[in-house]
Amino acid sequence: MAGSTGRNNDIISLRIVTQFPAEAARIFSIIGDGGQWPETLDPRILKRNPNSRVIAALADFSRPEFTIEPNTEGCEVTLLHDLIQNDEDRNEYQKLWSAWFKTINKRVTV
202 MAGSTGRNND IISLRIVTQF PAEAARIFSI IGDGGQWPET LDPRILKRNP NSRVIAALAD
262 FSRPEFTIEP NTEGCEVTLL HDLIQNDEDR NEYQKLWSAW FKTINKRVTV
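According to our numbering, the sequence shown is numbered sequentially starting from 202.
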């Protein structure tokens, strides 16, 4: 019998967890709007669950998924960016997402 043809074990993913001092609905309105994403990306939003989840596809076929959970300080966003091609791309996405999250944090901080 042939070997398993499941998911490629060499696929790289990135996970970032960030706290925002704003309610989930406000953060969702930013993350759920592809026009507010970093300029170098052209996301296609695949799925939105109001105030809780956004899944997108990027031109390189990678998939960022944002989960937004309310808490006492505002909300926590977990990004799982999957199907990244290589370590170099992963490092670039790490920088890009970290910078974008800092920008969002500045926007929502009173």
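Note that CB positions come from ideal geometry on N, CA and C, so glycine has one too.
For residue i, the three-state DSSP class (helix, strand or coil)
i, result
"Q295", "helix"
"S205", "Note that S205 scores 34 on pLDDT, short of 50, meaning its location in the model is unreliable; the coordinates nonetheless yield the value given after this. Of the three classes helix, strand and coil, the one that applies to S205 here is coil, per DSSP."
"D288", "helix"
"N252", "coil"
"I305", "helix"
Inter-residue Cα distance where the pair is residue i and residue j
i, j, result
"I269", "I232", "10 Å"
"F229", "L259", "18 Å"
"S214", "R227", "26 Å"
"R254", "F267", "5 Å"
"T273", "D261", "36 Å"
"C276", "I305", "13 Å"
"G204", "S263", "Below a pLDDT of 50, predicted positions are generally treated as unreliable, and G204, at 38, falls in that range; no measurement from the model is reported."
"Q286", "D211", "9 Å"
"R249", "A225", "13 Å"
"Q220", "N252", "15 Å"
"K307", "I246", "24 Å"
"T241", "P271", "29 Å"
Sequence-distant residues of the same chain with beta carbon closer than 6 Å to residue i, five excluded per side
i, result
"L297", "P239"
"W301", "P239"
"R216", "L281"
"M202", "Bear in mind that the predicted position of M202 carries a pLDDT of just 38, short of 50, making it unreliable; the figure below should be weighed with that in mind. Once the five neighbours on either side are set aside, M202 has no close Cβ partner at all."
"Y294", "L215 and H282"
Expected contact under 8 Å - CB spacing of residue i and residue j to nearest Å
i, j, result
"V309", "A223", "4 Å"
Opening and closing residue of the alpha helix (DSSP H) in which residue i lies
i, result
"E263", "Sequence check: residue 263 is Ser here, not Glu. Run containing S263: none; DSSP gives neither H nor E here."
"S230", "A225 to I232"
8 Å Cβ shell around residue i - same chain, five flanking residues per side excluded
i, result
"P244", "G235, W238, A257, A258, L259 and P265"
"S299", "I217"
Test: residue i CB closer than 8 Å to a CB of chain C
i, result
"I212", "Looking for chain C here will not work: only one protein chain is present."
Same chain, Cβ closer than 7 Å to residue i, five either side skipped, listed in chain order
i, result
"R291", "I213, L215 and I285"
Endpoints, beta strand (DSSP E) assigned at residue i
i, result
"I213", "I213 to F221"
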